[in-house]
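Comments concern the structure below.
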Amino acid sequence: MSPSRPKLSPRAIEYLLSVLRRSRGKGYARQYEIVEDLGVSKPTASLMVKKLRCVGYLRVEGEKIMLSEMGEKLVWELIRRHGIIESALFELGLSREGACRLAWRIVQEIPAEDIERIWIKLGSPESCPCGYRIPSIHKGASMKEVEPCIAFRAGRRTVQS
């Protein structure tokens, strides 16, 4: 992660991932969808959306909530980091579930150069143990091509088929 960028809480990351998922197709998310995804109250969701908008990760136009350009870049980087860390932890013997959960907790803790070294040591995997594609280091593709691995988020098993 960029040294000048403040670390986000795991919950804030979940909000960004929810906006990404719910933006598929229509290009935006609605607050009630985030509430549904994360099991939070409307006021709680409203407060976090406001915080993420204020730091520049989200744009809000009326009831439409979208990732900003900075938010897209961050989410791209987080998904890449998560896939690499999850792969390494799985190779070390953790279960897919354990690797996925731990990877999301430490995704911002490992320096970028170390993430890339790990990726190379692993043989440059193209997908995480749960089957989701690991995005390239350079954000060249569309965000529509990136799917976050949240297979074991909050204890709900939703493994990709």
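First residue of the sequence shown: 205, per my numbering; consecutive thereafter.
C-beta: ideal position from N, C-alpha, C; glycine also.
Remember, predicted model here, so these are calculated numbers, not experimental data.
Uninterrupted beta strand (DSSP E) stretches inside the region 258-339 (no shorter than 3 residues) = 262-265 and 268-271
Where the alpha helix (DSSP H) containing Y219 begins and where it ends | P214 to S227
Could you pull out every residue in the same chain whose Cβ sits closer than 8 Å to the Cβ of P329, ignoring the five residues on either side in sequence?
-> G287, I288, S291, W323 and I338
By how many angstroms is the C-alpha of C334 removed from the C-alpha of R305?
-> 12 Å
How many angstroms separate the CA atom of E240 from the CA atom of H342?
-> Their Cα atoms are separated by approximately 32 Å.
With a Cβ-Cβ cutoff of 8 Å, do V311 and L282 count as a contact?
-> yes
Go ahead and label P352 buried or exposed: buried means 16 or more other beta carbons lie within 10 angstroms of its beta carbon, across all protein chains shown.
-> With 16 or more other Cβ atoms within 10 Å, it is buried.
Quick one: residues in its chain with C-beta nearer than 8 Å to the C-beta of L256, no 5 flanking neighbours on either side, listed in chain order?
-> The beta carbon of L256 sits closer than 8 Å to those of A216, Y219, L220, L262 and G275, all from its chain and outside the five residues before and after it, given in chain order.
Thinking just about the alpha-carbon of each residue, which of I319, W280, V223 and R285 is nearest to the one in P249?
-> One point to set straight first is that residue 249 is Ala, not Pro, in the sequence displayed. The shortest Cα separation from A249 among I319, W280, V223 and R285 belongs to V223.
State the CB to CB distance for the pair E267 and R234, rounded to an integer number of angstroms; the pair is presumed to be in contact (CB under 8 Å).
-> 6 Å
Pull up the distance between the alpha-carbon of K277 and that of V259, whole angstroms please.
-> 14 Å
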